[in-house]
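Chemist: Okay, handing you the structure first.
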Amino acid sequence: MRKQLLLAALLLTTVKGFAGSIDYLSQQDAEYFAHPSMTGKIGVSGAYYNPAGTAFMENGTYMQINNQTHLKTYKMEVDGLTFKSDKPSPIIPSFQLVHVNNGRSFFFHGGAIAGGGNVAYENGLGMFKTMETMLNSNPDMQKIGVNINFNPGSTVKGSSYYVTLQGGIAQKINDEWSFALGARYVNAERKLKGVGNYSLNMGPLNADPRFDINSERTAQGVTGIFGVDYKPSSKLNFAFRYETETRLNFKTKEKNLDNFKNSFGIFNNTDISSNIYNAIVSNKNVKEWVNGARGKRNLPAMASLGASYAITEKTTLLASGNYYFIKEAGDTFGAYDNYHNGYEIAVGIDHQLNEKWTLMTGYQYTNTGANKHTYKDTDYALDADMFGLGAKYKYNENLDLMATGATVLYHSATSVTNVKYSKHVYSIGLGATYKFN
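Residues in the sequence shown are numbered from 423 upward in steps of one, following my numbering.
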């Protein structure tokens, strides 16, 4: 008989869609996909990457509108079974707005600061199979002769979005130095919905319980932002940005999980149903999705340092690094247990072909701080190499258009439960920047 055990659905929390560390998403505009080394640049993108640098821009009001499209393939493999999601994220908008007046600027940015978009795993999750092994090896279950088998075929869907709006002010101190202060509001939402199929039997006795989940976790928080820009010459620029830890106290609402208690048929209200239910809802991958669960999963503090250098009138070199203070971040449910602090290193080139066209390319290495003790179906943050390419077109004096693309090659890894995780993402960015007269 089939037991649709939700234990699968419960497991799908945040599977990251691109670069960054833990839940963070580093890509905040279209230009990032061409060269992710953005911190040292001065421009409209600085509303996020280099807020202090916006004070050095020419007087005026600038707006940039972006869209990201991600073509994603995520896979889990265990005991000869493959669990795969290839659900794309076609529309992820963001914007930057900067107003500059005589060395003082006001900057604003809106987008998705963290999360992984949507996923839909056919056959369920790798954890379904490893949970089967765990339950069947339970001494109490063995003693009474209960056997549970996972049957592929279910679909688990999940989404994770951290929508953000930030703003602040930057001020030039002199011709070389400027600083910025700002704040960010984050509205985080995680959803998980799905079922898992199992067979449950004890000798000639069988049951067909249905166990599914429909859970939503939400939180809100505020981040402090501090930036400094140092411009020793017209060719060279350095920038630094620090973001405080964002405290996010998640609250969970779940609609279907309690139905599992009464879905065991002839095994209802027995030690069998109690043991299975308790094993699932107390699992570290599941307990945060249970109705009424509350706890912190903060976004870590981070620091970013970048530089740009114009080696010729037409060619500019870029370099930057991000560092994520994961070990210090507040975490009630153990999501960050065993992590090391993560980092990213990026380089890039801008080359102006002529008055109309500029070509861009770059590379980034991401070390998420994860290892085999941290990987699970809900959060497998894999190290990655990113390669980007793009072009800008100056349509007229006020309008610039941009198209970029990147491929992210993730390093596959295996967890302590012998589940192999892998990802591959292709990303496309489109952007338009307008300067108001």
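C-beta: ideal position from N, C-alpha, C; glycine also.
With respect to the alpha helix (DSSP H) encompassing Leu557, which residues constitute its N-terminal and C-terminal limits?
Modeler: Its alpha helix (DSSP H) spans residues Gly548 to Asn558.
Chemist: From Val841 to Tyr761, what does the alpha carbon distance come to, in whole angstroms?
Modeler: Between Val841 and Tyr761, the C-alpha separation is close to 18 Å.
Chemist: Do you know how far the Cα of Leu547 is from the Cα of Asn623?
Modeler: Straight-line Cα distance between these residues: approximately 22 Å.
Chemist: How should Val437 be labelled, buried or exposed, when 16 other C-beta atoms within 10 angstroms of its C-beta is the threshold for buried?
Modeler: Confidence is the limiting factor: at Val437 the pLDDT is only 35, short of 50, which leaves the residue's position unreliable, though a coordinate-based value still follows. It counts as buried.
Chemist: For Glu750, does the count of other Cβ atoms within 10 angstroms reach 16, so buried, or fall short, so exposed?
Modeler: Its Cβ having fewer than 16 others within 10 Å, Glu750 is exposed.
Chemist: Are the beta-carbon atoms belonging to Ile635 and Asn678 less than 7 Å from one another?
Modeler: A contact, by the Cβ cut-off of 7 Å.
Chemist: Near Tyr745, which residues of its chain fall below 7 Å by C-beta distance, leaving aside the five closest residues on each side in sequence?
Modeler: Correct list, in chain order: Met724, Ala725, Asn763 and Tyr765.
Chemist: Going by the CB atoms, is the gap between Thr826 and Phe455 shorter than 7 Å?
Modeler: Result yes, Cβ atoms of Phe455 and Thr826 sit closer than 7 Å.
Chemist: To the nearest angstrom, how far is the alpha carbon of Ala864 from that of Lys565?
Modeler: In this structure the chain extends from 423 to 859, so residue 864 is not present and cannot be described.
Chemist: Drop a sphere of 10 angstroms on the beta-carbon of Glu665, count the other beta-carbons inside from all chains shown, and report buried for 16 or more, exposed for fewer.
Modeler: By the 10 Å Cβ count, Glu665 comes out buried.
Chemist: Quick check: Gly770 and His457, are their CB atoms within less than 7 Å of each other?
Modeler: The answer is yes: Cβ separation under 7 Å.
Chemist: Going by beta carbon distance, what residues of the same chain come within less than 8 Å of Asn859, once the five residues before and after it are set aside?
Modeler: Answer for Asn859: Gly482 and Asn820, listed in chain order.
Chemist: With distances taken from CA atoms, which of Val847, Phe505, Asn560 and Asp807 is nearest Ala542?
Modeler: Ala542 has its Cα closest to that of Phe505, out of Val847, Phe505, Asn560 and Asp807.
Chemist: Would you decide whether Trp711 is buried or exposed? Buried here means 16 or more other CB atoms lie within 10 Å of its CB.
Modeler: Buried, by the Cβ-count rule.
Chemist: Three or more C-beta pairs closer than 8 Å, one from the segment 583-601 and one from the segment 547-561: is that the case here?
Modeler: Touching, no.
Chemist: What's the C-alpha gap between Asp772 and Leu739?
Modeler: Roughly 7 Å between the two C-alpha positions.
Chemist: Do Lys718 and Gly367 count as a contact pair if the criterion is CB distance below 7 Å?
Modeler: For residue 367 there is no data in the structure shown, the boundaries of the chain being 423 and 859.
Chemist: So, using beta-carbon positions, are Ser581 and Val617 closer together than 7 Å?
Modeler: Cβ atoms of Ser581 and Val617: not closer than 7 Å.
Chemist: Could you tell me if Leu434 is buried or exposed, where buried requires 16 or more neighbouring beta carbons within 10 angstroms of its beta carbon?
Modeler: Because Leu434 sits at a pLDDT of 31, beneath the cut-off of 50, its placement in the model cannot be relied upon, and the point is left open.
Chemist: Between which residues of its own chain and Ser579 is the CB-CB distance below 6 Å, once the five residues before and five after are set aside?
Modeler: The sequence given here places Lys at residue 579; Ser does not occur at that position. Answer for Lys579: Ala542, Lys615 and Gly616, listed in chain order.
Chemist: How many angstroms separate the CA atom of Val708 from the CA atom of Asn684?
Modeler: Using only the alpha carbons, I get a separation of about 19 Å.
Chemist: For Arg663 and Tyr652, I'd like the C-alpha separation in whole angstroms.
Modeler: Cα to Cα, Arg663 sits roughly 12 Å from Tyr652.
Chemist: Determine the closest residue to Gly475 out of Phe601, Tyr787, Ala806 and Ala835, with distance taken between C-alpha atoms.
Modeler: Per the Cα distances, Phe601.
Chemist: For Tyr746, does the three-state DSSP call read helix, strand or coil?
Modeler: Strand, per DSSP.
Chemist: Look at the alpha carbon of Arg716 and the alpha carbon of Asp562, and state the distance between them as a whole number of angstroms.
Modeler: Between Arg716 and Asp562, the C-alpha separation is close to 30 Å.
Chemist: State the DSSP-derived secondary structure class of Leu433, mapped to helix, strand or coil.
Modeler: Confidence is the limiting factor: at Leu433 the pLDDT is only 31, short of 50, which leaves the residue's position unreliable and the question unanswerable from this model.
Chemist: Please classify Ile513 as buried or exposed, where buried requires at least 16 neighbouring CB atoms within 10 angstroms.
Modeler: When all chains shown are included, Ile513 counts as exposed.
Chemist: Comparing alpha-carbon positions, which option in Lys463, Ile850, Lys857 and Tyr620 lies nearest Ser656?
Modeler: Closest by alpha carbon: Lys463.
Chemist: Residue ranges of each beta strand (DSSP E) run of no fewer than 3 residues wholly in the segment 699-773, ordered along the chain?
Modeler: For the segment 699-773, whole beta strand (DSSP E) runs of length 3 or above, ordered along the chain, are 716-718, 724-732 and 737-746.
Chemist: Quick one, which of Pro626, Val585, Tyr584 and His846 has its alpha-carbon nearest Thr829's?
Modeler: Among Pro626, Val585, Tyr584 and His846, the Cα nearest to that of Thr829 belongs to His846.
Chemist: Could you check if Thr734 is buried or exposed, using at least 16 other CB atoms within 10 Å of its CB as the buried criterion?
Modeler: Counting Cβ neighbours within 10 Å, Thr734 comes out exposed, since fewer than 16 surround it.
Chemist: What does a CB cutoff of less than 6 Å around His521 pick up in its chain, not counting 5 residues either side in sequence?
Modeler: Closer than 6 Å at Cβ, skipping near neighbours: Thr483 and Phe528.
Chemist: Please determine, among Ile487, Phe478 and Glu480, the residue with the shortest C-alpha to C-alpha distance to Gln450.
Modeler: The residue with the shortest Cα to Cα distance from Gln450 is Ile487.
Chemist: I need the straight-line Cα distance from Ser834 to Asn793, nearest angstrom please.
Modeler: The alpha-carbon atoms of Ser834 and Asn793 are separated by roughly 11 Å.
Chemist: Tell me Thr783's beta-bridge partners as DSSP assigns them.
Modeler: Answer is Ile771 and Leu811, bridged to Thr783.
Chemist: Can you tell me whether Ile698 is buried or exposed, with buried defined as 16 or more other CB within 10 angstroms of its CB?
Modeler: That one is buried.
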